[in-house]
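K.L.:
Protein chains in written order, with my numbering: chain A, 6 to 84; chain B, 511 to 788. Built from N, CA and C at the ideal position, the CB exists for glycine as well.
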Amino acid sequence: MTAITLNGTPHAVPEDTTIVDLVAEAISRPLGPDGRPLDGGRLGMAVAVDAVVLPRSRWYRTPVVEGQSIEIITAVQGG
Amino acid sequence: MTTPHPDPLLLDGAEFSSRLIMGTGGLSSLHTLEQALLASGTELTTVALRRYAPGQGDTLFSLLERNGIRILPNTAGCYTARDALLTAELGREALETDWVKLEVIADEDTLLPDVVELLDATEQLVARGFKVFAYTSDDPAVAHRLEDLGAAAVMPLGAPIGTGLGILNPHNIELITSRADVPVVLDAGIGTASEAALAMELGCDAVLLASAVTRAQDPVAMATAMRHAVAAGRLAAGAGRIPARRHAVASSPMTGLVDTDDPEDVPRGDWAPVREGR
């Protein structure tokens, strides 16, 4: 298992997990290699790895690495 | 084919028929929020960016998509240019827009803009290709600097966020609108409809508000009121109001009056008491 911090809390994922796997699991929605939902529509999410935004086009090719701090961000109510 | 709106709001080349931008903050019920947004007629709204929490059902994002309301992500909660840059990048990625409502606040008690960080962040975001909608103080000099740095819109506050104190310095807002070459959006402080109308009368291109509607006892009714107030203020601003003056000017003819028994009865002078029965 690979130990990471996900949205501020400790989290473990299987070896060879990619960012697209991590996001799909977190939101319980299958994602394509382009990081977009297979059920259509837009996702409305972003990912930052160690405080750097990772474009969704790279989620599929980017492995989750031990010790990383990963944030999955979405739109919430706000002025 | 739809008829073009006669007086559209132009923001970064995009056209909106509504000049009310209603934010999404302040309501616990997404259903009520949706009703209020629809009642407001807004075509552009703001959202914040936060960690995804599992178990979110009908999400805000799908609500806005479903209703065709364009999203302006904000950088609420950022205290430094550095924080704001990361949040803006997350917003661009998540919501697929290079528009950002840039908020860099000084402290959590006042939520007033930290204009030093704001100017720094504006410059950096513009260089990264963002269209910056800068939430700022009501300082005309800062508004001018933001415009010089390439802000797509300048958004001075009427009063601190969520206070509902209205427009504390109308003179400054008018100075900003009279000198700006980019859209000016009155952002924050509005409490009720007359204040939204005043913002438009002072020359603002649009009004952004959230709490005034979402924390009202009847959000849908207040959203409707704001919709009308902004439209009314816009019309009034362009209608050429009469000059204010000290003394009355009759709107009824002063000639052709019927005779009275007592011509002495007509009061003269600068001051005259109101007389019963006339």
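What does B:L519 pair with, by DSSP beta-bridge criteria?
P.N.:
Stepping through the second sequence from its first residue, residue 519 of chain B is reached at position 9. Note: B:L519 sits in a beta bridge opposite B:F526.
K.L.:
Let me see if you follow: with CB-CB separation under 9 Å, is A:R61 close to chain B or not?
P.N.:
Along the first sequence, one-based indexing puts residue 61 of chain A at 56. At least one chain B Cβ lies under 9 Å of A:R61.
K.L.:
Ignore the nearest five residues each way along the sequence and tell me which others in B:V695's own chain have a CB closer than 6 Å to its CB.
P.N.:
The residue labelled residue 695 of chain B in the question sits at position 185 within the second sequence. Excluding sequence neighbours, B:V695 sits near A663, M665, A716 and L718.
K.L.:
Based on Cα-Cα distance, which residue from B:T569, B:G601, B:L629 and B:A746 lies nearest to A:I78?
P.N.:
Here residue 78 of chain A corresponds to residue number 73 of the first sequence, with the count starting at 1. For A:I78, the nearest C-alpha among the options comes from B:G601.
K.L.:
At the level of alpha carbons, what is the spacing between B:G674 and B:T513?
P.N.:
In the second sequence, counting from the first residue as 1, residue 674 of chain B sits at position 164. In the second sequence, counting from the first residue as 1, residue 513 of chain B sits at position 3. Computed Cα separation, rounded: 36 Å.
K.L.:
Quick check on DSSP: helix, strand or coil for A:S74?
P.N.:
In the first sequence, the residue the question calls residue 74 of chain A occupies position 69. If DSSP states are grouped into helix, strand and coil, A:S74 belongs with the strands.
K.L.:
Does any residue of chain A bring its CB to less than 9 Å from the CB of B:G536?
P.N.:
Residue 536 of chain B sits at position 26 when you count from the first residue of the second sequence. Output row for B:G536: interface = yes.
K.L.:
Go ahead and label B:H515 buried or exposed: buried means 16 or more other beta carbons lie within 10 angstroms of its beta carbon, across all protein chains shown.
P.N.:
Here the question's residue 515 of chain B lines up with position 5 in the second sequence. With fewer than 16 Cβ atoms within 10 Å of its Cβ, B:H515 is classed as exposed.
K.L.:
Measuring alpha carbon to alpha carbon, tell me which of B:A703, B:I686, B:M736 and B:T734 ends up nearest B:L712.
P.N.:
Walking along the second sequence from the start, residue 712 of chain B turns up at place 202. Considering only alpha carbons, the answer is B:I686.
K.L.:
Beta-carbon within less than 8 Å of A:W64's beta-carbon, same chain only, minus the 5 sequence neighbours each way: which residues are those?
P.N.:
Reading the first sequence from its first residue, position 59 is the one you call residue 64 of chain A. The residues are T23, I24, V25, V28, L36, G40 and V52.
K.L.:
Can B:A661 and B:A644 be called in contact, C-beta distance under 9 Å?
P.N.:
Position 151 of the second sequence holds residue 661 of chain B. Position 134 of the second sequence holds residue 644 of chain B. Yes.
K.L.:
Could you check where the alpha helix (DSSP H) with A:I24 kicks off and where it finishes?
P.N.:
Within the first sequence, the letter at position 19 stands for residue 24 of chain A. Taken as a continuous stretch (DSSP letters only), the alpha helix (DSSP H) holding A:I24 covers I24 to I32.
K.L.:
For a cutoff of 9 Å on Cβ pairs, would you count A:R47 as touching chain B?
P.N.:
By one-based count along the first sequence, residue 47 of chain A stands at place 42. Output row for A:R47: interface = yes.
K.L.:
Pull up the DSSP beta-bridge partners for B:L612, would you.
P.N.:
The residue you call residue 612 of chain B lines up with position 102 of the second sequence. The partner list for B:L612 (beta bridge, DSSP) reads B:A644.
K.L.:
Count the C-beta pairs between the stretch 523 to 534 of chain B and the stretch 551 to 558 of chain B that are closer than 8 Å, then say yes if the count reaches three, no if not.
P.N.:
Enough Cβ pairs lie closer than 8 Å, so yes.
K.L.:
Could you name the residues of chain B that A:A29 contacts, counting a contact when the two beta carbons are closer than 9 Å?
P.N.:
As a position in the first sequence, residue 29 of chain A is number 24, starting the count at 1. Within 9 Å Cβ-Cβ: nothing; A:A29 doesn't reach chain B, min ~12 Å.
K.L.:
Just checking: is the beta-carbon of B:S635 within a distance shorter than 9 Å of some beta-carbon in chain A?
P.N.:
As a working note, residue 635 of chain B is residue 125 in the second sequence. The amino acid at residue 635 of chain B is misidentified as Ser; the sequence shows Leu. No, because no Cβ of chain A sits closer than 9 Å to the Cβ of B:L635.
K.L.:
Give the single residue among B:V625, B:F571, B:P650 and B:L635 whose Cα lies nearest to the Cα of B:A690.
P.N.:
As a working mapping, residue 690 of chain B is identified with position 180 in the second sequence. For the residues B:V625, B:F571, B:P650 and B:L635, the minimum Cα distance to B:A690 belongs to B:P650.
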